[in-house]
Each structure stands twice: as structure tokens, then as C-alpha cells.
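For the sequence shown, the working numbering gives the first residue as 1, with consecutive numbering after it.
Have a look at the structure below, then the notes.
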Amino acid sequence: MPPLVFYLIVAVIAYLYGSIPWGLLIARTRGVDIRKHGSGNIGATNVRRVMGKGWGRLCFLLDFFKGVLPVLVVKILAREGIIPNWGDLSIILAALGSVAGHNWSIYLKFKGGKGIATTMGMLLIIAPWSLLIFALTWVIVFYLFRYVSLASIIGALTLPLSAWLLSVSKIYPMPETMITFLAFLTIMSIVRHAGNIKRLMEGTENRFEKKPKIEVEHHRIKND
């Protein structure tokens, strides 16, 4: 089979898996359409806000593994020589497909979340040190300002820079193609947060509350 066909198959499968709207499915188990409550986003932050901490954590883990599984499987297959991986292209396409699927789900008419949890999942496999720096940055910014969006944006900005610094310092060498890919993901994340950036500049962005509000009328769910 021609390598191009393999690459196409990898991208499509990763995209279809990444498109699974876990946040929407979780909320529907309680009779709730998450798109009509809170921020309307299907990601873990809004699920936590509307449904409670336990459901939010479950959503985060499921979205996180959207990034882990496709990249891990492709990396193993490429290492064993079962599929071609010229210039880490198979791994990059698996990572990109999963994040794109979450952000523009085919099951939701190409709408979706912000892709942060899924991005973190794929980083665990391809750039674990950059993931650690991202996570530390996210935690610091979040606890200083209490804005999930701001923490996610600034955390994303560290990805290509940390990957480059770790590579040139020989701590965790990475090919230039992978560093470029991380820069592309950073741009994608900023684009997905365009509305949040506008609200942050206007001072209208909602801060994350310690005790999430249960916003669903007639579906009040006890917060754990």
C-alpha cells in the first residue's frame, strides 16, 4: 500500500476518534444538553461548571486519552516498521487528527471544544517535558488569575519555545518538524480561544469559581 494511503488512513482514524464528543455524551446521561448551558462548550471546564467536579474530571480524562491513544498506537506501529513514518509524519498526523477532531467534530457539524486536554494527551507521548512545562505554567497562571482560558493560552505559548530550548540543550532532542508542529498547535489553540481573548481584553471573561454553579434548570445535580 502506498505511504500516502497510510498517512490518509492514520489522519482519518485519529480524526474520527478525536471527534467523539465525550462532554456532550456525559451530560446526556443525565438528560442535559451541555451546549445549552454555561459557556456552551463541550469541554471538561464547562462540564465541571454545569455538572460538577466528578463529571468534569471524567470528561477531562476521556478527552486527554483522545490525544494519547492515536499517537501511542501509531508510534508503536511505526517503530515496528508496520507503517511508514517519514519525518515523524505518521505521528504528527495522528496528533493533529485527534486535536482537530475534538475542535471540529464531524459528529457536531464541525463544532467542538478548545482542544487543550487532547493536546496534553498527545504531548505526553511526543513531548513529555514540554507537557510538564505547559502544566506548571497552566497551574501558576490559573491560580494567580483564575481564568482557565488565560492559563490555557499562556500554557500553549510555552510549547514550541520549551521544545526548542530542551532540544538545543540536548535535554530532550526533537526534530525540527516536531517543534514546528508544536508551533502550529499553539497557533491553533490561540485561534480557538479568540472569543476568550476578546472577553479578557474587555474584562468580561468569567473567572473560574471554586464551587461550580449548577446551571441546568430542572436537572440540579449534586456537586461532589
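By construction, the Cβ of each residue, glycine as well, lies at the ideal position given by its N, Cα and C atoms.
Predicted model only: the values in this text are computed from it and were never measured.
{"Asked": "7 Å Cβ shell around Ile154 - same chain, five flanking residues per side excluded", "Found": "Thr137, Val141"}
{"Asked": "Straight-line gap, Val216 to Val50 (C-alpha atoms, nearest Å)", "Found": "Because the pLDDT at Val216 is just 48, under 50, the model does not fix this residue reliably, and the point stays unresolved."}
{"Asked": "Sub-7 Å separation of Tyr143 and Glu205 beta-carbons", "Found": "no"}
{"Asked": "With 16 other Cβ atoms within 10 Å as the buried cut-off, status of Phe110", "Found": "exposed"}
{"Asked": "Three-way DSSP call (helix, strand, coil) for Asn223 in this model", "Found": "Annotation note: pLDDT 38 at Asn223 (below 50); position unreliable, no value reported."}
{"Asked": "Contact test: Ile106 Cβ vs the ligand ZN heavy atom, cutoff 6 Å", "Found": "In the structure on display, the ligand ZN does not appear, and there are no ligands present to speak of."}
{"Asked": "Span separating the alpha-carbon of Leu132 from that of Gly54", "Found": "24 Å"}
{"Asked": "Helix, strand or coil at Lys66 [DSSP, three-state]", "Found": "helix"}
{"Asked": "Span separating the alpha-carbon of Thr45 from that of His193", "Found": "14 Å"}
{"Asked": "For Ser105, the three-state DSSP class (helix, strand or coil)", "Found": "strand"}
{"Asked": "Thr177 versus Arg30 - alpha carbon distance", "Found": "43 Å"}
{"Asked": "Nearest neighbour of Gly97, chosen from Gly56, Leu185, Ala135 [CA to CA]", "Found": "Leu185"}
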